[in-house]
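K.L.:
Pasting a structure below so you can have a look.
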Amino acid sequence: MLRPSFDAHVFVYRDSVDMRKSINGLAAIVELELGHSLMNGALFVFCNRSRDKVKLLYWERNGFVLWYKRLEKHKFKWLNPQETKDSIEVTGKQLNQLLDGLDIFQQPHQSLFYDNVS
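Numbering (UniProt numbering), first residue to last: 1 to 118.
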């Protein structure tokens, strides 16, 4: 099975996408909504509304690559679409974890700092 490298540059699109979109439709989202260039080697990740399908789009030397995964039973953990940003940048390692079913978007507990009280 082919997987993105751990050092890949990845942008996860927050909103759900109609999975009937292919390369041209997804490329339009990347350029028009996200304002990114498709030719910089980054991977762009999209998910459907029911969160059981994911597509990855990227440029490889002389053409686009569209990668598709459909889950048979489970759902991908995904971003909240009500947030203000259109996408979030993650690492290739985090993308692989997302594809394996982990929730990479959980926020850790905030660190607490106590003053030394005498």
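C-beta atoms are modelled at their ideal positions from N, C-alpha and C, and glycine is treated no differently.
1. Once the 5 residues before and after Leu38 are set aside, which same chain residues still bring their CB inside 7 Å of it?
2. Look at the Cβ atom of Leu5, then the Cβ atom of Gly101, and state whether they are nearer than 7 Å.
3. In the stretch 31-84, which residue ranges form an unbroken beta strand (DSSP E) of at least 3 residues, counting only runs that do not cross its ends?
4. Could you tell me if Lys55 is buried or exposed, where buried requires 16 or more neighbouring beta carbons within 10 angstroms of its beta carbon?
5. Got a sec, what are the start and stop residues for the beta strand (DSSP E) Ile88 sits in?
6. How long is the line joining the alpha carbons of Phe64 and Ser16, rounded to whole angstroms?
P.N.:
By the coordinates alone:
1. Walking along the sequence shown from the start, residue 38 turns up at place 38. Here Leu38 has Ala27, Val30, Glu31, Trp59 as same chain residues with Cβ atoms under 7 Å from its own Cβ, once five neighbours each way along the sequence are excluded.
2. Looking up residue 5 in the sequence shown gives position 5. Looking up residue 101 in the sequence shown gives position 101. It is worth fixing the name first, because residue 5 is Ser in this sequence and not Leu. No, Cβ-Cβ distance for Ser5 and Gly101 is not below 7 Å.
3. 43-47, 53-60, 63-70
4. For the purposes of this step, residue 55 is taken as the residue at position 55 of the sequence shown. It counts as buried.
5. Along the sequence shown, read from residue 1 onward, the residue named residue 88 stands at position 88. Residues 87-91.
6. Within the sequence shown, numbered from 1, the residue matching residue 64 stands at position 64. Within the sequence shown, numbered from 1, the residue matching residue 16 stands at position 16. Their Cα atoms are separated by approximately 21 Å.
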